[in-house]
Structure formats: structure tokens, C-alpha cells
Amino acid sequence: MNHSWHLLLYVMAGLTGGLLALRTGIPAAPLAGALLGAAVVSVTGRLEVAQWPVGSRTLLEIGIGTVIGTGLTGAALVELRQLWRPALLITVTLVLTGLVVGLGCSRLMGVDPVVALLGAAPGGISGMSLVGAEFGVGAAVATLHAVRLITVLVILPLVVKLVLPATAAPPGG
Numbered sequence: 012m013n014h015s016w017h018l019l020l021y022v023m024a025g026l027t028g029g030l031l032a033l034r035t036g037i038p039a040a041p042l043a044g045a046l047l048g049a050a051v052v053s054v055t056g057r058l059e060v061a062q063w064p065v066g067s068r069t070l071l072e073i074g075i076g077t078v079i080g081t082g083l084t085g086a087a088l089v090e091l092r093q094l095w096r097p098a099l100l101i102t103v104t105l106v107l108t109g110l111v112v113g114l115g116c117s118r119l120m121g122v123d124p125v126v127a128l129l130g131a132a133p134g135g136i137s138g139m140s141l142v143g144a145e146f147g148v149g150a151a152v153a154t155l156h157a158v159r160l161i162t163v164l165v166i167l168p169l170v171v172k173l174v175l176p177a178t179a180a181p182p183g184g
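Residue numbers for the sequence shown follow the numbering used here, so the first one is 12 and each next one is one higher.
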């Protein structure tokens with residue numbers, strides 16, 4: 012089987028995973044599902060590792076950046092006037108925690124420091140995986156973030172329901 016067919020199979024696996032995940036109703040379902048779909052095909056070892064055409068990775072990164080960037084609206088900037096202190100505190104806390112956890116995992120568990128630091132970083136799966144790819148550890152970073160993302164998406168809504176009073180109205184509701 013040639014290279015083009017391999018890429019097509021990976022894309023089909025990602026598309027199938029993303030569409031199936033949409034049915035779960037979890038946040039970021041298409042991203043997590045596509046990642047898992049393509050990963051299932053990849054880990055079987057039946058296909059060679061995907062080699063994307065030159066420039067396609069850059070185009071995908073631009074697309075992801077554009078999707079994320081369009082979420083920053085005028086209304087979001089207005090909210091930031093009130094939320095800048097918590098945003099700063101949360102950001103600093105998450106970065107410091109990520110550094111401590113990443114370095115701790117590296118030293119205590121023998122994990123590659125780059126993988127551990129990027130895997131413990133507070134960024135999203137797509138962004139951190141792309142940064143990891145620049146360092147040659149994208150798959151490992153994606154795996155750590157996929158486990159984290161799926162765990163958080165499954166557990167956090169349950170915790171919110173237990174912690175918040177049943178009478179509290181959901182935001183925007």
C-alpha cells in the first residue's frame with residue numbers, strides 16, 4: 012500500500028473517531044475522538060508512521076490557531092477587564108504546578124524531561140502536541156494530554172454536579 016493510502020486511512024480513522032465522539036457530548040469531543048481514532052490505527056503497527064506532505068502540517072497548525080483565535084471576541088476582552096486577576100493567578104499557578112509535576116515525573120519516574128514538562132504543561136492537547144512535535148516528542152506529549160483531557164472531561168462534570176448546589180443555574184441558563 013502506498014503512502015497516500017496510508018494517509019487516507021489515518022484521516023478516515025480520525026474522522027470516524029471524531030464523529031463517534033461527537034455523540035458522547037463531552038467537550039472537545041471531535042478533537043479527542045479524532046486523536047483516539049488515528050492513534051488506534053497507528054498503534055496497531057500495520058501502517059507506517061504517517062508522513063504528511065511538506066507544508067500540510069503548517070496549514071493544519073494555522074487552521075488550529077485560527078479556530079482558537081476566533082474564540083477571542085470583543086465580549087471576551089470586556090470580561091477580561093473583570094477577570095484579569097483570576098486569569099493571572101490561574102495561569103501562574105498552572106505553569107508553576109506544571110513545572111513541579113513535570114520535573115518531578117522526570118526525576119522520580121525516569122521520564123524524558125522534555126516529554127514530562129510538555130506533558131504536564133497546562134496547554135491544550137493540540138497546541139502542546141504541536142510544540143512537542145517541534146522537539147521530536149509529539150506522540151508522547153499527545154498521549155499524556157489525551158489521557159489528561161479524557162480523564163478531566165469524564166470526571167470534572169461529575170465533580171461539578173456534586174460540589175455545586177442542585178439549585179444553582181448553569182451559566183447562561
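Backbone N, C-alpha and C fix where the C-beta goes; we use that ideal spot for every residue, glycine too.
Given the structure is predicted, the values throughout are model-derived calculations rather than measurements.
Residue burial is scored here from C-beta neighbours: G147 has fewer than 16 other C-beta atoms within 10 angstroms and is therefore classed as exposed. Of the residues L18, G109, A98, V51, the one whose Cα lies closest to the Cα of P64 is L18. DSSP places L33 in the helix class (H, G or I) of the three-state scheme.
Rounded to whole angstroms, I136 and A87 show a C-alpha spacing of 22 Å.
For I161, the CB contacts under 7 Å within the same chain, skipping 5 residues up- and downstream, are A43 in chain order. The Cβ atoms of A24 and V52 lie closer than 8 Å to each other.
By the Cβ test, the segment 151–158 is in contact with the segment 119–134, since at least three Cβ pairs between them sit closer than 8 Å.
Beyond the five residues adjoining it in sequence on each side, G138 comes within less than 6 Å, by CB distance, of no other residue in the same chain. Between the C-alpha atoms of L46 and V112 there is a straight-line separation of about 24 Å. Under the 10 Å beta carbon count, S140 is surrounded by 16 or more other beta carbons and is classified as buried. Burial check for G143: the Cβ neighbour count within 10 Å reaches 16 or more, so the residue is buried.
Taking C-alpha positions only, V170 is separated from L100 by approximately 22 Å.
Judged by DSSP in its simplified three-state form, Q62 adopts coil rather than helix or strand.
In its chain, beyond the 5 residues on either side, A24, G25, T27, G28, G29 have a beta carbon closer than 7 Å to the beta carbon of G48.
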